[in-house]
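Enquirer: Residue numbers (full-length UniProt numbering), protein chains in the order written: chain X, 1 to 607; chain S, 1 to 375. Cβ coordinates follow ideal geometry from the N, Cα and C atoms, glycine included. Pasting a structure below so you can have a look.
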Amino acid sequence: MSNEAILQTGVGGAHTAGVHEEHHEHHHHETFITKYIFSQDHKMIAKQFLITGMVWAVIGGAMSLLFRWQLGYPNEPLPMWVQDILGKWWVKDGHITPEAYYALVTTHGTVLIFFVLTAGLSGTFANLLIPLQVGARDMASPLMNMLSYWFFFTASIVMLSSMFVETGPFSGGWTAYPPLSALGDASPGSKTGMDLWLIAMALFVVSQLLAGLNYISTVLNMRTKGMSMTRLPLTIWGLFFTAILGVLSFPVLFSGFILLIFDRNFGTSFYLSDIFISGVGPLPHEGGSPILYQHLFWFLGHPEVYIIILPAMGIVSEIMSINARKPIFGYMAMVGSLFAIAVLSFLVWAHHMFVSGLNPFLGSIFVLLTLLIAVPSAIKVFNWLTTLWRGNIRFTPAMLFAIGFVSIFISGGLTGIFLGNSALDIHLHDTYFVIAHFHLVMGVAAMFGMFAGVYHWYPKMYGRYMNNTLAYIHFWLTMIGAYLIFWPMHYQGFAGMPRRYYDYTPWVSFDHFEGLNRFMSTVAIIVFSVQILFLFNFFYSIWKGRKVRTQNPWGANTLEWTTPIKPGHGNWTGEIPEVHRWPYDYGKDNREFIPQTTPVGADENIH
Amino acid sequence: MSLFFTIAVVVLIFLIIFQIAKAAEYVAVLKGEQKSNRQQNKINAFLMISFLVLGLIGVYWSNELFYSKTVMPIGAASDHGEKYDQMFTWTIIITGIVFFVTQILLFWFAYRYQHNDNRKVYFFPHNNTLELIWTVVPAIALTVLVVIGLRNWFAMTSAAPKNAMEVEVVGKQFGWLYRYPGRDHKFGQTFYRVIDDGANNPLGQIWRDSAALNLHADPANFDDVMPTTLYLVKNRPVKMIINSRDVVHDVGLIHFRMKMDAVPGIPTTIWFTPTLTTKEMQEKTGNPNFQYEITCDQMCGNGHYSMRGVIVVVTQAEFDAWLSQQKPNYYAAFPEKDPANKVQVATPPTNPNTGDTSRLRGTSGNPVGNSPNLK
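Printed below as a string of structure tokens:
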């Protein structure tokens, strides 16, 4: 399908190449519904993903504050107005109940991982950047793209509604290990709450598959003339591998969920065997294996963390090169390491199961493969460092977050070497060390990638800038706060402090961390309010931000900056530009930057 | 009232920050974008290097504050644990070097190569030698770690020595059950369908024939002991056979550096040799309340945090004395079979968990709660 043919079928922009933008406005009135709600314009869908992701980030973040309050201030009642909002199921005697605590922990994890850092991050930037940076007028299938958002939206509604059922939302941890997740008698959260959780996740998987297939086909088939795969910006490479990971791994998760649904509702025994529930008695299930679910879950679960981090890596590479005014170091190595990470991510899942009773020999294979993944990660870090070396760095807010990303990624990544080595994992498994590790390496780091992307492409999204001063405050407080929260957490892990505990006071071994817990919870509250500042900046600037007056405000090489300041549906008013070079010719031959659309001059050096 | 006050203060702070930010933007426009950009760039570059310096001080400081609170300075209380701690130290050293080198380079480069109108950037798209170096060096370092790791892994997961004491640990919502094989050194067979908390059979020991379930009483069950606390012997290897009655639990032994899931239907095992008695640990840590605790490390329901078990490590002599006083669980279920039954009827065995969990807040959501044995 050609680029131009797409638009003939699209609802929103049935204009042909060469038609002037204003012309288009006159002839094709878009209603509010087709422009803002059921839009098929990839840029609008990107904004929909972003803003829905933001809503979820606020909900999920606020949940973490509630359970951090319980950990940090176990003896102090919640503020009255918080109690009033939450109501009786959640709060008893001023404290979060254990049921509510576990529901919050579970939903925080599910929402942040899937709805914010998967849909919010790759949903936003894949939609926004893939057509703009490969030189396409829209996605391969704008309709599928629209459906992908609305499946995600429906999943969101179902997940949200699970907060309000009588037996409470699902509370068995985001990994939803059976038998706990399969048996309503074992935990009230595994009753209706779990049904809704499963429906929401199933809808989410559908959304991801629709999106992923679309991203892959767009990148493969709809690149503009001259845009060979090796001339793609690294953002696109990151998003491309992400989409492939999603398409290959989400169906496996889905199959795991299907079996779980059967066990829950139709009396099968895929995951259940030899179970006696106190107060209920022996269950009829025999012969199943809870470990089977763990394999199916982590076969997605591990690629999932790369689904989260690869787009951030791509975004950071792009922004770092632009703002260091210097080509990204080792483009092919960057692509190669993304590829290596993508392949290896399918071969390491059982490192989450070292203490599940896994055959030690099998465990050793997974140690080998897991630590292998550190090599491409190391290559990436050193390449980023070399990109900065002898550059001429502009500290735009996006660049700050890109540098912050590298710092956080190093800190969080190195602790992965502890956890990936099975013998060391024994003591650290399921302790706060793990919490610190993954919050840094995929939580905060991916958030930083997302912030960098938002600040950098905001002018493209809304034709305005966000406020710089607020952005600087946002960056520095978030950076400092992230380290203050998660750095000391490693020590709780060294002490073997288990995660997902509602109350540590009865424990001789962990009771002495009270002060540290209070400190981390307090910092978390501050960091959360700083994010509100960011949201305010974001929404205020949509209408009141400083206007963008130049087509290419950052002096970047990629194609999105050759479109009009506020591109309509179809992106380019004239022909789609042709590409003549890779996107990283910064500082070449004493020219500050050479856009991809510039033909290679006769006197130019060939690197 | 205080609510409105707090909200007012927060809103006010936001407003002030916002006004400053707006003003800064206007000033920037007035001064000319280039000039203000240059200024902002300098400030941020300075903050980068400050962050590095303060961050490094913070790393040192938090280590001073918190390292002593972990279990690492006490040292491990098992043979596996000693190996673990060595490997841990080596991994800290290797990753620590990488951490400091990369973080210092990152922030130093950010500061050093901040924007300068006169600087010409160095067009440096790739260099095979460099890339080869930082592919090979990490690969070698990781190989070293893998070799150390796998040697320890195979040592820790190897088959238990022949002379190991065997003990069964079973998780349930929300507590631990322990069983010793008794004089015959053989565990009696269990079947989950004959579990009966009310009849003192929390593990489902098969001690009655059942035609319906096609079961035959296993005499090996008659002398199995189910104490309330787990006793282990110093310097004697112990093999734990771990099981679960309902959902996935996890036996976490932080001082022995051991951990293993308890999976319903699939028994797992670990073994290790305790090297310090509880008393010795109390002296070593200077904490008279010190106890070896069993944690549950796998989310198992709303009472997950309350699954506390206690291990007491004693000498062989103390252990023998203790064990001789334990009555087989069989007699608790069938008091009439107990040779000394008259005394026994009055005092059923105490529940493994009531003593330890009574300090916890109530765990609603489980109808049975913490003390099934006493029902």
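Give a yes or no on whether the minimum CB-CB distance between A350/X and chain S is below 9 angstroms.
Expert: Output row for A350/X: interface = no.
Enquirer: Output the distance between the C-alpha atoms of R38/S and G555/X, rounded to the nearest integer angstrom.
Expert: One C-alpha to the other measures close to 16 angstroms.
Enquirer: Rounded to whole angstroms, how far is the Cβ of L414/X from the Cβ of V98/S, which I believe are closer than 8 angstroms?
Expert: 6 angstroms between Cβ atoms; contact.
Enquirer: Under 9 angstroms, Cβ to Cβ, is there at least one residue of chain X near P352/S?
Expert: Caution applies to P352/S, whose pLDDT of 44 falls short of 50 and renders its modelled position unreliable; the value that the coordinates give is listed next. Judged by the 9 angstroms Cβ criterion, P352/S is not in contact with chain X.
Enquirer: Residue 611/X versus chain S: which residues are under 8 angstroms apart at the beta carbon?
Expert: It is not possible to answer for residue 611/X, since the shown part of chain X is limited to 1 through 607.
Enquirer: Would you kindly check if the distance between the Cβ of T106/X and the Cβ of G172/X is under 9 angstroms?
Expert: In this structure, T106/X lies closer than 9 angstroms to G172/X by Cβ.
Enquirer: On a CA-only basis, which of V219/X, R518/X, L198/X is nearest L257/X? Give me that one, please.
Expert: The question names Leu, but residue 257/X in the sequence shown is Phe. When each option's Cα is compared against that of F257/X, the closest is L198/X.
Enquirer: Going by CA-CA distance only, name the one from W69/X, L559/X, K92/X, S122/X that's closest to L50/X.
Expert: Closest by alpha carbon: S122/X.
Enquirer: Could you spell out where the beta strand (DSSP E) holding T269/S opens and where it closes?
Expert: That run of the beta strand (DSSP E) goes 268 to 272.
Enquirer: Mind checking who C300/S pairs with in its DSSP beta bridge?
Expert: DSSP, once it has assigned bridges, lists no residue as partnering C300/S.
Enquirer: Have a look at V548/X and E560/X and give me their C-alpha separation to the nearest angstrom.
Expert: Their backbone Cα atoms lie some 14 angstroms apart in a straight line.
Enquirer: Could you name each continuous beta strand (DSSP E) segment of 3 residues or more that falls completely within the region 512 to 599 of chain X, going from the start of the chain to the end?
Expert: 586 to 588, 591 to 593, all fully within the region 512 to 599 of chain X.
Enquirer: Under 8 angstroms, CB to CB, which of the residues in the region 292 to 318 of chain S have a partner in chain X?
Expert: So the close ones are E293, T295, C296, D297, Q298, M299, C300, G301, N302, G303, H304, Y305, S306, R308.
Enquirer: Given V335/X, which residues of its chain have a CB within under 8 angstroms of its CB, disregarding the five upstream and five downstream residues?
Expert: The residues are T230, L234, W237.
Enquirer: So, using beta-carbon positions, are M489/X and A436/X closer together than 9 angstroms?
Expert: In this structure, A436/X lies closer than 9 angstroms to M489/X by Cβ.
Enquirer: Can you list, in chain order, the stretches of the beta strand (DSSP E) that have 3 or more residues and sit fully within the region 392 to 429 of chain X?
Expert: Those beta strand (DSSP E) runs which fall completely within the region 392 to 429 of chain X and span 3+ residues do not exist here.
Enquirer: Let me know the alpha helix (DSSP H) ranges lying completely inside the region 143 to 191 of chain X, each 4 residues or longer, listed in chain order.
Expert: Entirely contained in the region 143 to 191 of chain X, not one alpha helix (DSSP H) run reaches 4 residues.
Enquirer: Check the DSSP bridge columns for A169/S and list the partner residues they point to.
Expert: One detail in the question is off: residue 169/S reads as Val in this sequence, not Ala. Note: V169/S sits in a beta bridge opposite Y178/S, I242/S.
Enquirer: Where does M332/X land, buried or exposed, given buried means 16+ other C-beta within 10 angstroms?
Expert: M332/X is exposed by the Cβ-count criterion.
Enquirer: Is Y122/S buried or exposed, if buried means 16 or more other CB atoms sit within 10 Å of its CB?
Expert: It counts as exposed.
Enquirer: With V313/S as the anchor, note down where its beta strand (DSSP E) starts and where it stops.
Expert: Element bounds for V313/S: 309 to 314.
Enquirer: Just checking, does the region 138 to 151 of chain S make contact with the region 193 to 201 of chain S on the three C-beta pairs under 8 angstroms criterion?
Expert: No, the region 138 to 151 of chain S does not touch the region 193 to 201 of chain S.
Enquirer: I need the DSSP call for A160/S, collapsed to helix, strand or coil.
Expert: Three-state result, A160/S: coil.
Enquirer: In this structure, does DSSP put H249/S in helix, strand or coil?
Expert: Strand at H249/S.
Enquirer: Indicate the three-state DSSP secondary structure (helix, strand or coil) for D261/S in the structure shown.
Expert: Residue state, collapsed to three classes: strand.
Enquirer: Rounded to the nearest angstrom, what separates H108/X and L52/S at their Cα positions?
Expert: Each residue's Cα considered, the two are about 31 angstroms apart.
Enquirer: Answer yes or no: does any C-beta atom of chain S fall closer than 9 angstroms to that of F276/X?
Expert: Output row for F276/X: interface = yes.
Enquirer: Can you tell me which of the three DSSP states Q492/X falls into?
Expert: If DSSP states are grouped into helix, strand and coil, Q492/X belongs with the helices.
Enquirer: For F276/X, does the three-state DSSP call read helix, strand or coil?
Expert: In this structure, F276/X counts as strand in the three-state DSSP scheme.
Enquirer: Using beta carbons (cut-off 9 angstroms, strictly below), is T6/S in contact with chain X?
Expert: Cβ-Cβ to chain X under 9 angstroms: yes for T6/S.
Enquirer: Using a Cβ-Cβ cut-off of less than 9 angstroms, list which residues of the region 483 to 507 of chain X approach chain S; keep chain order.
Expert: Going along the region 483 to 507 of chain X in chain order, one finds Y483, L484, W487, P488, H490, Y491, Q492, G493, F494, A495, G496, M497, P498, R499, R500, Y501, Y502, D503, Y504, T505, P506, W507 with a Cβ nearer than 9 angstroms to chain S.
Enquirer: By alpha-carbon positions, which one of S317/X, G357/X, M146/X, F486/X ends up nearest to G449/X?
Expert: Selected option, being the one with the closest Cα: S317/X.
Enquirer: So, at 6 angstroms on beta carbons, what are the nonlocal neighbours of E22/X in its own chain, with the 5 sequence-adjacent residues on each side left out?
Expert: Residue confidence is low: E22/X scores 44 on pLDDT, short of 50, so the model does not pin down where it sits. Its coordinate-derived value is still stated next. Correct list: empty, nothing qualifies.
Enquirer: Considering Cα atoms alone, identify which of V165/X, L65/X, P459/X is closest to M520/X.
Expert: Nearest C-alpha to M520/X: L65/X.
Enquirer: Fully enclosed by the region 31 to 70 of chain S, which alpha helix (DSSP H) runs are 4 residues long or longer?
Expert: Correct list: 33 to 66.
Enquirer: Which class does K92/X belong to by DSSP, given the choice of helix, strand or coil?
Expert: Note: K92/X maps to strand in three-state DSSP.
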